[in-house]
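Chemist:
Protein chains: 2
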Amino acid sequence: MPDVKTLGAQQRKAALDALKTRYQEFQARKMNLDMTRGKPCPEQLDLSAGLMDCLGRKDFKAIDGSDCRNYGGLDGLPEAKHLFAEYLEVSPEELIIGGNSSLSLMHDAMTWAFIFGAAKGSAPWSAQAPVTFLCPSPGYDRHFAICEHLGIRMTPVELKGDGPDMDAVETLVASEAGIKGIWCVPKYSNPTGEVYSDEVVERLARMPAKASDFRILWDNAYAVHHLGAGPARLADILRACRTAGRPERALVFGSTSKISFAGSGLSFMAGSAANMEWARGHLGFQTIGPDKLNQRRHVVFFKDMAGIENHMQKHAAILKPKFDAVQEVLERELAGKGIAEWTRPVGGYFTTINTWDGCARRVVKMAADAGVKLTPAGSTYPNKKDPRDRNIRIAPSFPSVADIRIAMEVLAVCVEIASLEKTE
Amino acid sequence: MPDVKTLGAQQRKAALDALKTRYQEFQARKMNLDMTRGKPCPEQLDLSAGLMDCLGRKDFKAIDGSDCRNYGGLDGLPEAKHLFAEYLEVSPEELIIGGNSSLSLMHDAMTWAFIFGAAKGSAPWSAQAPVTFLCPSPGYDRHFAICEHLGIRMTPVELKGDGPDMDAVETLVASEAGIKGIWCVPKYSNPTGEVYSDEVVERLARMPAKASDFRILWDNAYAVHHLGAGPARLADILRACRTAGRPERALVFGSTSKISFAGSGLSFMAGSAANMEWARGHLGFQTIGPDKLNQRRHVVFFKDMAGIENHMQKHAAILKPKFDAVQEVLERELAGKGIAEWTRPVGGYFTTINTWDGCARRVVKMAADAGVKLTPAGSTYPNKKDPRDRNIRIAPSFPSVADIRIAMEVLAVCVEIASLEKTE
Numbered sequence: 069m070p071d072v073k074t075l076g077a078q079q080r081k082a083a084l085d086a087l088k089t090r091y092q093e094f095q096a097r098k099m100n101l102d103m104t105r106g107k108p109c110p111e112q113l114d115l116s117a118g119l120m121d122c123l124g125r126k127d128f129k130a131i132d133g134s135d136c137r138n139y140g141g142l143d144g145l146p147e148a149k150h151l152f153a154e155y156l157e158v159s160p161e162e163l164i165i166g167g168n169s170s171l172s173l174m175h176d177a178m179t180w181a182f183i184f185g186a187a188k189g190s191a192p193w194s195a196q197a198p199v200t201f202l203c204p205s206p207g208y209d210r211h212f213a214i215c216e217h218l219g220i221r222m223t224p225v226e227l228k229g230d231g232p233d234m235d236a237v238e239t240l241v242a243s244e245a246g247i248k249g250i251w252c253v254p255k256y257s258n259p260t261g262e263v264y265s266d267e268v269v270e271r272l273a274r275m276p277a278k279a280s281d282f283r284i285l286w287d288n289a290y291a292v293h294h295l296g297a298g299p300a301r302l303a304d305i306l307r308a309c310r311t312a313g314r315p316e317r318a319l320v321f322g323s324t325s326k327i328s329f330a331g332s333g334l335s336f337m338a339g340s341a342a343n344m345e346w347a348r349g350h351l352g353f354q355t356i357g358p359d360k361l362n363q364r365r366h367v368v369f370f371k372d373m374a375g376i377e378n379h380m381q382k383h384a385a386i387l388k389p390k391f392d393a394v395q396e397v398l399e400r401e402l403a404g405k406g407i408a409e410w411t412r413p414v415g416g417y418f419t420t421i422n423t424w425d426g427c428a429r430r431v432v433k434m435a436a437d438a439g440v441k442l443t444p445a446g447s448t449y450p451n452k453k454d455p456r457d458r459n460i461r462i463a464p465s466f467p468s469v470a471d472i473r474i475a476m477e478v479l480a481v482c483v484e485i486a487s488l489e490k491t492e
Numbered sequence: 069m070p071d072v073k074t075l076g077a078q079q080r081k082a083a084l085d086a087l088k089t090r091y092q093e094f095q096a097r098k099m100n101l102d103m104t105r106g107k108p109c110p111e112q113l114d115l116s117a118g119l120m121d122c123l124g125r126k127d128f129k130a131i132d133g134s135d136c137r138n139y140g141g142l143d144g145l146p147e148a149k150h151l152f153a154e155y156l157e158v159s160p161e162e163l164i165i166g167g168n169s170s171l172s173l174m175h176d177a178m179t180w181a182f183i184f185g186a187a188k189g190s191a192p193w194s195a196q197a198p199v200t201f202l203c204p205s206p207g208y209d210r211h212f213a214i215c216e217h218l219g220i221r222m223t224p225v226e227l228k229g230d231g232p233d234m235d236a237v238e239t240l241v242a243s244e245a246g247i248k249g250i251w252c253v254p255k256y257s258n259p260t261g262e263v264y265s266d267e268v269v270e271r272l273a274r275m276p277a278k279a280s281d282f283r284i285l286w287d288n289a290y291a292v293h294h295l296g297a298g299p300a301r302l303a304d305i306l307r308a309c310r311t312a313g314r315p316e317r318a319l320v321f322g323s324t325s326k327i328s329f330a331g332s333g334l335s336f337m338a339g340s341a342a343n344m345e346w347a348r349g350h351l352g353f354q355t356i357g358p359d360k361l362n363q364r365r366h367v368v369f370f371k372d373m374a375g376i377e378n379h380m381q382k383h384a385a386i387l388k389p390k391f392d393a394v395q396e397v398l399e400r401e402l403a404g405k406g407i408a409e410w411t412r413p414v415g416g417y418f419t420t421i422n423t424w425d426g427c428a429r430r431v432v433k434m435a436a437d438a439g440v441k442l443t444p445a446g447s448t449y450p451n452k453k454d455p456r457d458r459n460i461r462i463a464p465s466f467p468s469v470a471d472i473r474i475a476m477e478v479l480a481v482c483v484e485i486a487s488l489e490k491t492e
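Line by line, the protein sequences give chains A and B. Residues 69 to 492 in this note's numbering are what the first sequence spells out, letter by letter. Residues 69 to 492 in this note's numbering are what the second sequence spells out, letter by letter.
Written out as structure tokens, the structure reads:
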């Protein structure tokens with residue numbers, strides 16, 4: 069099918085009629101498909117079944133002889149720190165292991181900076197209001213929600229396919245002392261799937277910042293989450309910051325939520341020795357220590373980095389056909405029509421589609437009315453406001469391939485209807 | 069032995085010489101005993117060995133059919149809420165289940181009140197500085213540390229054996245709008261072991277407060293932690309507050325840290341429907357949900373409230389001889405000498421001893437020099453300052469009965485030396 073802009077009035081009407089018939093057929097099927105969140109599917113969770121029973125009644129001792137069932141160990145078991153330091157490409161001294169949620173660790177870091185200051189002796193962000201964060205967008209709604217909750221302003225920055233628009237970032241960060249940080253998902257970014265280039269990482273570490281307490285919140289959520297071809301390379305942000313003479317600039321986060329169990333995994337925070345001392349200093353007021361039995365389970369189950377990598381190939385084998393189905397249907401339904409562009413990620417949990425300006429909300433609403441729930445339009449932007457109302461996040465991990473095909477067909481038909489109606 | 073104050077100079081010198089010989093003998097043994105923290109001992113942890121393997125590879129489904137391995141369920145599994153609501157004597161709607169640490173939930177509640185306000189629409193405590201908390205003392209050092217960290221002032225209030233001095237509490241709370249709360253460990257209090265009387269609970273709920281956002285932080289950490297005679301009765305603070313027309317006044321906390329595993333238990337927060345909505349409203353920004361597999365483990369292992377009660381009898385059977393050893397040695401060594409008073413708790417994790425004023429730090433230092441580590445003197449008071457320098461917390465749960473006997477002998481000898489030196 070040709071570009072819809074080249075259609076004559078009659079062709080357009082005929083196309084629209086046909087599409088509306090298809091849409092009504094979808095509605096008649098009374099489907100209930102949920103593509104809203106990046107949840108692993110049951111088959112993925114089954115890959116970690118061994119985590120359920122890898123510890124027997126007597127397997128509660130850590131390598132250092134400590135009893136994992138008891139209190140203590142604020143920042144993690146030695147063997148867990150060893151394994152997951154390698155995972156995050158940091159040293160064990162640069163790592164803290166938290167509970168089951170890296171979002172909690174990010175929220176903690178933001179809250180500590182807000183109430184107490186981003187470093188020892190530095191003024192609290194709350195005393196330096198208004199504070200602003202740069203938000204490469206489209207991005208992860210829960211990052212933006214933390215800022216919104218704390219009353220931190222957000223300035224969207226465009227993503228260029230290899231990370232944020234660094235010309236814009238450098239200009240803003242160099243000129244405004246109120247800009248205290250930037251949210252980054254540097255690898256298989258949520259939702260665009262892009263990987264930050266070496267140059268972007270380098271420039272983020274090197275750029276002069278007007279605020280001495282400027283922080284990069286580096287959410288490396290998908291460090292090993294490729295779709296089969298092995299993980300893309302990502303430059304080492306901590307080393308880049310160290311080399312640039314700004315060792316405290318970056319705080320790195322990660323988790324096994326999409327490696328082991330989404331609700332019962334491990335979370336990590338990493339950074340310079342001074343930053344980790346800062347973090348432990350605050351963490352010690354809010355907990356006696358994390359769940360060490362779960363750390364022990366993960367070490368026994370995965371053993372080493374090769375174990376994790378091997379495990380991720382199994383995830384990829386499940387996820388790849390789902391991501392392929394998204395591409396296949398979008399290609400078949402929308403290619404060449406000039407009404408949408410979408411990403412072709414090689415890792416991560418999302419595909420994202422840009423419609424014509426002003427169509428995304430209408431498309432998501434229409435899809436919902438036909439039984440296909442998508443992530444609400446706008447939620448990939450700060451304050452849930454997509455300025456061009458065009459970005460839609462597609463989360464294909466949970467549904468079956470068959471359901472994804474139908475959902476993508478529904479989505480494509482809705483995009484086409486919304487676009488054709490725009491040309492009226 | 070008679071009251072030391074009745075001793076003549078020669079008797080005093082002879083006694084002191086004998087004590088110093090005993091002390092040197094202790095030193096010569098180069099002991100290394102740790103009585104600093106209320107940690108369960110390995111035999112207690114073994115009681116919950118079944119938690120390690122009660123779930124098989126396929127036992128990941130909750131009663132409502134949801135997959136405990138995946139994301140979701142911000143405030144807890146239905147079956148876990150059912151069981152632990154009964155445990156805390158609240159309704160499931162009044163309960164939120166957190167991670168492995170009730171300290172984290174208390175820290176959360178304090179931080180939310182500090183940054184956002186103690187209720188929807190109420191001003192943040194940080195905007196109403198200076199804020200003060202009443203601290204019944206001696207009390208739990210980690211409660212006081214949260215206040216210290218947030219810059220909240222602390223006013224100590226005396227404990228009377230059945231809870232805080234309510235005349236003092238009522239006067240203070242009625243007259244100062246800056247007093248925003250009170251920390252309470254209402255049952256087998258840390259470290260005095262006392263249980264709040266019905267009258268105290270009633271008065272806490274009823275008293276007029278100048279601050280409309282006044283909160284009772286009710287840390288019911290030892291709700292079922294008796295030493296064999298069954299739990300003491302404690303009046304229902306939430307009901308008392310409801311009846312008094314102040315349903316939002318109390319926030320209740322608890323955990324299984326000293327029921328199942330100290331490092332891998334479950335934590336709880338309870339309160340009015342409005343307070344729980346407030347809590348979920350903030351919690352939703354910091355986590356996608358707690359570890360539901362661990363909740364499921366606890367439900368499968370304990371089954372019901374009778375299961376928990378039966379389990380606590382086994383804890384009591386281990387702990388009672390340890391608490392008895394403390395009493396026996398203190399009685400034998402110090403009774404009738406007029407130099408110390410100590411508690412005789414029927415539950416909880418601590419015994420506490422008051423020396424003469426000005427002796428506690430010296431005693432703890434001397435004991436440490438003889439290889440017996442006690443909780444630092446002062447740490448049972450706000451800002452780690454015991455105004456009379458007399459209170460010492462004894463934590464007998466972890467060491468063996470034999471070690472407790474020696475440690476208590478060392479402690480007693482140090483108390484006696486410090487007292488006799490005072491009479492010089």
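All residues carry an ideal CB built from backbone N, CA and C; glycine is no exception.
#1: Which residue wins for smallest C-alpha separation from V199(B), given the options M222(B), T179(B) and A445(B)?
#2: Do M337(B) and F321(B) have their beta-carbon atoms positioned less than 8 Å apart in this structure?
#3: Note down the Cα distance separating D121(A) from S194(B), rounded to an integer number of angstroms.
#4: In whole angstroms, give me the CA-to-CA distance for I165(B) and P206(B).
#5: Give me whichever residues DSSP pairs with A130(B) in a beta bridge.
#6: Less than 8 Å between CB atoms is the rule here; does P259(B) satisfy it with respect to chain A?
#7: Output, in sequence order along the chain, the residues in the stretch 114-126 of chain A whose CB is closer than 7 Å to any CB in chain B.
#8: Identify which residue in R314(B), L361(B) and F94(B) has its Cα closest to the Cα of A148(B).
#9: Please report how far the alpha carbon of K382(A) lies from the alpha carbon of L115(A), in whole angstroms.
#10: Which bits of chain B does H175(A) rub up against, with CB to CB less than 7 Å?
#11: Can you have a look at K28(B) and say buried or exposed, based on whether 16 or more other CB atoms are within 10 angstroms of its CB?
#12: How about L156(B) and L163(B): do their beta carbons lie closer than 8 Å?
#13: So, helix, strand or coil for N422(B), using DSSP?
#14: Please state whether the Cβ-Cβ distance between V72(B) and S487(B) is less than 8 Å.
#15: Interface residues of chain A around T324(B) at Cβ under 8 Å?
#16: In the DSSP assignment, find the unbroken beta strand (DSSP E) run with P224(B) in it and report its ends.
#17: My understanding is that R137(B) touches G229(A), with C-beta atoms under 8 Å, so please give their C-beta distance in whole angstroms.
#18: C136(B) versus chain A: which residues are under 9 Å apart at the beta carbon?
#19: Please determine, among E270(A), A291(A), I220(A) and K129(A), the residue with the shortest C-alpha to C-alpha distance to A318(A).
#20: Could you please tell me which residues of the stretch 134-158 of chain A, in chain order, have their CB closer than 8 Å to any CB of chain B?
#21: In the DSSP assignment, what are the bridge partners of T200(B)?
#22: Check each residue of the stretch 359-391 of chain B: if its Cβ is closer than 9 Å to any Cβ of chain A, include it; give the result in chain order.
#23: Using a Cβ-Cβ cut-off of 8 Å, state whether S172(B) counts as contacting chain A.
#24: Rounded to a whole number of angstroms, what is the C-alpha to C-alpha distance between L75(B) and E409(B)?
#25: Would you mind reading off the limits of the alpha helix (DSSP H) that contains L173(A)?
#26: Under 8 Å between the Cβ atoms of V483(A) and C427(A)?
#27: I'd like the list of long-range same chain contacts for C309(A), defined as Cβ closer than 6 Å, with 5 residues on each side in sequence excluded.
#28: If I measure Cβ to Cβ from I485(A) and keep anything under 6 Å in the same chain, skipping five residues before and after, which residues do I get?
#29: Compute the Euclidean distance between the alpha carbons of G189(A) and D281(A), then round it to the nearest angstrom.
#30: Along the chain, where does the beta strand (DSSP E) containing E409(B) start, and where does it finish?
#31: Counting only the same chain and skipping the five closest in sequence on each side, list residues whose C-beta sits under 8 Å from that of K405(A).
#32: Go ahead and pull the three-state DSSP assignment for H366(A).
#33: Taking D454(A) as the reference, which of A470(A), P467(A), T239(A) and R429(A) has the closest Cα?
#34: For H217(A), which residues in chain B fall below 7 Å Cβ to Cβ?
#35: Please report the distance separating the alpha-carbon of F152(B) from that of V368(B).
#36: Are L358(B) and N168(A) close, meaning C-beta to C-beta below 8 Å?
Modeler: Straight from the coordinates:
#1: M222(B)
#2: yes
#3: 47 Å
#4: 29 Å
#5: In DSSP, A130(B) forms no bridge with anything.
#6: no
#7: A117, M120, D121, L123, G124 and R125
#8: Closest by alpha carbon: L361(B).
#9: 8 Å
#10: F353 and Q354
#11: Since the first and last residues shown for chain B are 69 and 492, residue 28(B) lies out of range.
#12: yes
#13: Here N422(B) carries a strand assignment [DSSP, helix/strand/coil].
#14: yes
#15: Within chain A, no residue comes near T324(B); the closest Cβ sits about 12 Å away, beyond 8 Å.
#16: R221 to E226
#17: Contact doesn't hold; Cβ gap of about 34 Å is too wide.
#18: Chain order gives the chain A residues near C136(B) as F329, G331 and S332, where near means a beta carbon separation below 9 Å.
#19: E270(A)
#20: Hits within the stretch, in order: D135, C136, R137, N138, Y139, G140 and G141.
#21: R221(B) and I247(B), per the DSSP bridge assignment.
#22: D359, K360, L361 and N362
#23: yes
#24: Between the C-alpha atoms of L75(B) and E409(B) there is a straight-line separation of about 19 Å.
#25: S170 to F184
#26: yes
#27: A273, P315, R317 and A318
#28: L87
#29: 11 Å
#30: Segment A408 to W410, the beta strand (DSSP E) holding E409(B).
#31: M69, P70, D71, V72, E484 and S487
#32: helix
#33: Nearest C-alpha to D454(A) among A470(A), P467(A), T239(A) and R429(A): R429(A).
#34: F353
#35: 13 Å
#36: The sequence shown places Pro at residue 358(B), not Leu. Contact flag set, yes.
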